[in-house]
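Heads up: the sequence shown runs through residues 992 to 1188, numbered per this note's numbering.
Note that CB positions come from ideal geometry on N, CA and C, so glycine has one too.
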Amino acid sequence: MTEEILEKIKYEENELKKILLFMAWLNRKLKEKGIKKFPILVGGSAVELYTFGYYVSGDIDLVFPKPEEIKSILLSTGLFRSEGRIMVSEELGLFVDIPDTILAGSYEKIRTIEIPELSESIVVIGVEDLIVDRLNACVFWKSQGDCEIATYLYEKYKEHIDLSYLIQRLKEEQVPLDKVEFLKGEIGDEPKDSPEP
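Right under this line is the structure:
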């Protein structure tokens, strides 16, 4: 069954579906090795998932405590090669990056998404932490695209967002709250104690 998934990945044209198939396949391979902890989808690929493919990343970003386990699985297929921390497969059209072993955010906020057609699930960073990540790039790197993504994610998931957690994380990251347009009016008389960038 896992080889069938690789074939599906190879011919899948929809980038989001390709990510979902890959993650389901990888989680299955980890389970076969007795590893019960799944990698967490983060970064641009998490944005792609939360926006249903509206924003396209081009790579798959993961957080996992033992990157060598994932690298070993990918290399064993004969379809990937290692370029530093990035695993590349031209044949499958995949670029897999494991930028960290620890999640920058809350493990309590991660979300599990079921992939019923494959009887698998995948794990993705919580939307609040993803918004914080994009706002960091927006404010400190002056990345307008990330400003737009943060706003889109906030508006789309507003009803499900833990606002106090989001504000707490922004303060921890020293993102000036008065620079976050979509929060104006949401936080009332919240003190503007965040330093200027």
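- Relative to the C-alpha of Ile1113, which residue among Cys1129, Leu997, Trp1016, Ile996 is closest? Trp1016
- Kindly give me the distance between the Cβ atoms of Ile1051 and Phe1013, rounded to whole angstroms, as I take these residues to be in contact under 8 Å. Yes, Ile1051 and Phe1013 are in contact; Cβ-Cβ is about 6 Å, under 8 Å.
- Got a sec, what are the start and stop residues for the beta strand (DSSP E) Arg1114 sits in? For clarity, residue 1114 is Val in the given sequence; the question names Arg instead. Residues 1111 to 1115.
- Message: The beta strand (DSSP E) that contains Asp1088, what's its start and end?
- Response: 1085 to 1091
- C-beta atoms of Ile1077 and Leu1021 nearer than 9 Å: no
- Message: On the DSSP letters alone, give me the boundaries of the alpha helix (DSSP H) that Ser1097 sits inside.
- Response: No alpha helix (DSSP H) holds Ser1097; DSSP gives it neither H nor E.
- Report the residue from Gly1117, Thr1103, Glu1082, Phe1071 whose alpha carbon sits nearest the alpha carbon of Glu1004. Looking at the Cα atoms, Glu1082 is the closest of the given residues.
- Task: Using the Cα positions of Gly1176 and Leu1168, report the straight-line distance between them to the nearest angstrom.
- Result: Cα to Cα, Gly1176 sits roughly 11 Å from Leu1168.
- Query: Hey, Ser1134 and Gly1117: beta-carbon distance below 9 Å or not?
  - Reply: no
- Does the Cβ of Ile1000 have 16 or more other Cβ atoms within 10 Å, making it buried, or fewer, making it exposed? buried
- Query: Considering only C-alpha positions, which residue in the set Lys1100, Gly1075, Leu1085, Ile1031 is nearest to Val1054?
  - Reply: With distances taken between Cα atoms, Val1054 lies closest to Ile1031.
- Query: Thinking just about the alpha-carbon of each residue, which of Lys1162, Leu1066, Asp1088, Gly1084 is nearest to the one in Ala1037?
  - Reply: Asp1088
- Query: Between the C-alpha atoms of Lys1027 and Val1130, what's the straight-line distance to the nearest angstrom?
  - Reply: 37 Å
- Message: If I follow the unbroken beta strand (DSSP E) through Leu1053, where does it start and stop?
- Response: 1051 to 1054
- Query: What's the gap between the Cα of Lys1162 and the Cα of Leu1126?
  - Reply: Cα to Cα, Lys1162 sits roughly 12 Å from Leu1126.
- Label Lys1183 either buried or exposed according to how many other C-beta atoms from any shown protein chain fall within 10 Å of its C-beta, with 16 as the threshold for buried. Because Lys1183 sits at a pLDDT of 47, beneath the cut-off of 50, its placement in the model cannot be relied upon, and the following sentence gives the value as read from the coordinates. Exposed: under 16 other Cβ atoms inside 10 Å.
- Item | Whole-number beta carbon distance between Glu1119 and Asp1153, since they are thought to touch under 8 Å | The pair is a contact, with the Cβ atoms about 6 Å apart (cut-off 8 Å).
- In terms of DSSP beta bridges, what is Val1166 paired with? Partner(s): none; Val1166 has no beta bridge.
- Message: Quick check: the Cα distance between Leu997 and Thr1103, rounded to an integer number of angstroms?
- Response: 22 Å
- Query: From Pro1107, Leu1094, Trp1132, Leu1109, pick the residue whose C-alpha is nearest to that of Val1115; which is it?
  - Reply: Leu1094
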